[in-house]
Amino acid sequence: MKYVDEFRDRAVASALAERIKQIVRRPWTIMEVCGGQTHSIVKFGLDELLPETVRLVHGPGCPVCVTPIGLIDDAVRLARQPGVIICSFGDMLRVPGSQGDLFGAKAEGADVRIVYSPLDALELARANPNRQVVCFAVGFETTAPPWAMAVVQAKALKLTNFSLLVAHVLVPPAMEAILSSPQNWIQGFLAAGHVCTVMGYEEYDAIAMRYRVPIVVTGFEPVDVLEGIAMLVSQLEAGRVEVENQYVRSVSREGNRQAQAIVDEVFEPALRAWRGIGEIPRSGLQIRSTYTDFDAAVRFRDVLASFGPAAQEDPECQSGLVLQGLLKPMDCPAFGSKCTPERPLGAPMVSSEGACAAYYRYRGNVKREA
Amino acid sequence: MSNNQPFEPACPLPTTDKKTVQLAHGGGGRLMRDLIQEVFVHAFDNAMLAPLHDGATWPVEKGTLAFTTDSYVVHPLFFPGGDIGSLAVHGTINDLAMCGAKPLYLSAGFILEEGLSLDVLQQIVNSMAKAARAAGVSIVTGDTKVVDRGKGDGIFINTAGVGLVPSGIRIVPRLIQPGDAILVSGDLGSHGVAVLSVREGLTFAGDVTSDSAPLHQVVGELIESGIEIHCLRDLTRGGLASALNELAVAAKVGMIVEEAVIPVSEPVRGACELLGLDPLYVANEGRFVAMVPESQAEAALAVMRRHAVSGRAAHVGRVTERHAPPVIIQTVVGTHRILDLLSGEQLPRIC
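Chains Y and G, in that order, are what the protein sequence lines are.
Quick note on our numbering: the first sequence kicks off at 7 and runs consecutively.
Quick note on our numbering: the second sequence kicks off at -10 and runs consecutively.
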């Protein structure tokens, strides 16, 4: 299959791994930002191909994982409201809130639908004029444009039963939060290829310069990841600090301007809490006042307020440390014992991009030597 | 009621357009009798069903019988490459075939939802009859129930089947041994992707058709050709990955498979890549895995490749001594990881 097979080629992957071994002189700690990259690394065992001196640390780039428990509770509560249809992408449904997950709500009779595209949710709203269709809009910059487009369409269609419960987050503020932490040990980043497909990578220049950290925009296939690591290690060994683009088949420096414009039309940056990490200024998206009719947090303000303050996350779940690269999943005391995909303490164990899920699924539930 | 219809006080039939299933179709009265005669008996037409007794009877031969049952609740009822009717016949035939049995007789139990179109029912029943005839099995007994509207999904079908295992043949997981070759009968994931594509309106997966097919003929020829089959398993829900895990645990062995040689068609791969699904966990309805001695792998593959249902059969791995986790996959880049059971269904990813 074109664009897949050539990037999973064993000979090319081996050659890249060999190149990395030849370049590297000193130990380096590299963070891959995106959960999709984490899964690729663990699924294809790419870390096994690297010299021991190149240490990969998994980043916060799993939008499901960083959604705070309060927002998941809001989604579950709205799902239980009579007349409401909740739409979500699939892997949000198993994420536990303090009131159970959306699958549980569905089993109790709530109308929870998996959608494949925001436009499916729009169609659902048109087909069910007497029901309120609430979309749990979760993701990074990658999935913000289609949700924004759905809102613009809903306004054009004068729909009064379509709204978004927005849990969108932005990557650069999270990278800055990690870099500015006193515990930071990250020396280089593989930036998230699909986020940059939409956003470009101009905004990373400032981060690279301010924190003296090289960044390589990287794709998701094994050859992409290994090439990104080779480019990053070359920079680190040469003492260069640049923003480079490995994922040239998808990413341009300026990104997709049309997509950026539609996001900017509908959303604005806002303070957001990240699960296990805390609040980060201007790290989330919220619906602008011009589209406030489509904001579920506004439409259902009274319903949501009636439930009181947001719940606290399970103190046994150390997902905050995992998401910042400070703890490997299998080093968490709960991993594989108190926390499994069947009974997760936190989102990283159930999301398709969660680091804990990747280790559990591809490395087994036995703790191993790191 | 129009004037030219006779007044029949003995049986208060509901007024009906007779185009949809009514509760009375399951009520034991005339509508039910008509439905059985006109739809089921007419389509399934065979001497063992004809007496419409409480059950079918036949003389038994000496030997070993295989007996299985399965229920079918697929939505939508019709999908590219099949429908719930053909699936209900193939699925039970295949369960018998995996025991090494020649399928003989099936039962068919129908749970119909009030309001189901009788045309749809007829199409499904015709499809079952056609699938059964093509496979050389008879549907010899059945049952019909009707549930209130909203309490079913149009139609649910249960089929049970009886088959005859040739003498001297024993195909069970416990016979799997370290050193066995692991053979897969064809490309994986078509059924799951075909059903998903119509259920969710995924136009990009347009030309994928279900692999639903009866497997007893190829299994029969494997047996006749003297292949020492240790185990067979059809790769339905959970796909190859789940089947290997179940078999490895049951046989107390380990297994290693090679990702690069596991056949998956391009459209299925494409759809799975887009949706974030792993084809090794996607359902099939006409594929099986076989464990045979390594020395007979090539002969078995040659037999399998002579049949259209297993034309893309491939040698994908081998059985090893027991290890934990039990199933290991060599990735396309040459590294190894576990191939685990999923905790539930695969869910399409966010991005």
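C-beta: ideal position from N, C-alpha, C; glycine also.
Every value quoted in this text rests on a predicted model; they were computed, and no experiment measured them.
Could you list which residues in chain Y have their beta carbon closer than 8 angstroms to that of residue i, in chain order?
i	result
E262(G)	M7, V10
R326(G)	V48, K49, F50, G51, Y368, R369
G259(G)	M7
Within 10 angstroms of its Cβ, does residue i collect 16 or more other Cβ (buried), or is it exposed?
i	result
I158(G)	exposed
F50(Y)	buried
R276(G)	buried
K164(Y)	exposed
Q138(Y)	buried
V172(Y)	buried
Q285(G)	buried
D34(G)	exposed
A202(G)	buried
S186(G)	buried
R22(G)	exposed
State the Cα-Cα distance for the pair residue i and residue j, rounded to the nearest angstrom.
i	j	result
R19(G)	L41(G)	15 angstroms
S127(G)	F13(Y)	50 angstroms
V129(G)	C220(G)	29 angstroms
I192(Y)	L62(Y)	9 angstroms
A121(G)	L93(G)	10 angstroms
E130(Y)	Q264(Y)	The sequence shown places Leu at residue 130(Y), not Glu. Computed Cα separation, rounded: 26 angstroms.
R246(Y)	S256(Y)	24 angstroms
R326(G)	L55(Y)	13 angstroms
V308(G)	E287(G)	16 angstroms
G225(Y)	V60(Y)	19 angstroms
E243(Y)	P220(Y)	11 angstroms
G333(G)	P347(Y)	9 angstroms
L172(G)	G331(Y)	41 angstroms
A32(G)	H296(G)	28 angstroms
S169(Y)	R100(Y)	22 angstroms
P256(G)	I293(Y)	38 angstroms
R226(G)	Q335(G)	11 angstroms
M205(Y)	W153(Y)	15 angstroms
C141(Y)	C93(Y)	5 angstroms
P88(Y)	D108(G)	35 angstroms
A156(Y)	Y122(Y)	13 angstroms
E235(G)	A276(Y)	49 angstroms
R369(Y)	V269(Y)	38 angstroms
E189(G)	H64(G)	10 angstroms
Can you check DSSP and say which residues form a bridge with residue i?
i	result
I221(Y)	F195(Y), V249(Y)
H219(G)	Answer is none; H219(G) lacks a bridge partner.
N147(G)	S60(G), G98(G)
V60(Y)	W34(Y)
Q319(G)	E247(G), H325(G)
E274(Y)	Q292(Y)
A279(G)	L172(G), L221(G)
P92(G)	G152(G)
S106(G)	T9(G)
Using a Cβ cut-off of 9 angstroms, pull out every chain Y residue sitting near residue i, in sequence order please.
i	result
G323(G)	R16, A19, S20, G51, L55
D329(G)	Y366, R367, Y368, G370, N371
In chain G, which residues lie with their C-beta within 8 angstroms of the C-beta of residue i?
i	result
Y122(Y)	E189, L191, L264, P337
L99(Y)	L336
P179(Y)	Those do not exist, as P179(Y) stays about 18 angstroms from chain G at its closest Cβ, beyond 8 angstroms.
G352(Y)	Simply none; closest approach about 15 angstroms.
Mapping DSSP to helix, strand and coil, what is residue i?
i	result
T44(Y)	helix
T296(Y)	helix
L22(Y)	helix
Q138(Y)	strand
V175(Y)	strand
G145(Y)	strand
H304(G)	strand
R119(Y)	strand
L2(G)	Summary for L2(G): the model assigns pLDDT 46, below 50, so the residue's position carries little reliability, and this model does not support an answer.
G209(G)	helix
D97(Y)	helix
N(-8)(G)	Confidence is the limiting factor: at N(-8)(G) the pLDDT is only 48, short of 50, which leaves the residue's position unreliable, though a coordinate-based value still follows. Here N(-8)(G) sits in coil by DSSP.
S104(Y)	strand
K27(Y)	helix
E189(G)	coil
Which residues in chain Y sit within 7 angstroms of residue i, going by Cβ to Cβ distance?
i	result
E255(G)	M7
S332(G)	P347, E348
P314(G)	G370
Which residues of chain G have a Cβ atom closer than 7 angstroms to the Cβ of residue i, listed in chain order?
i	result
P228(Y)	V322
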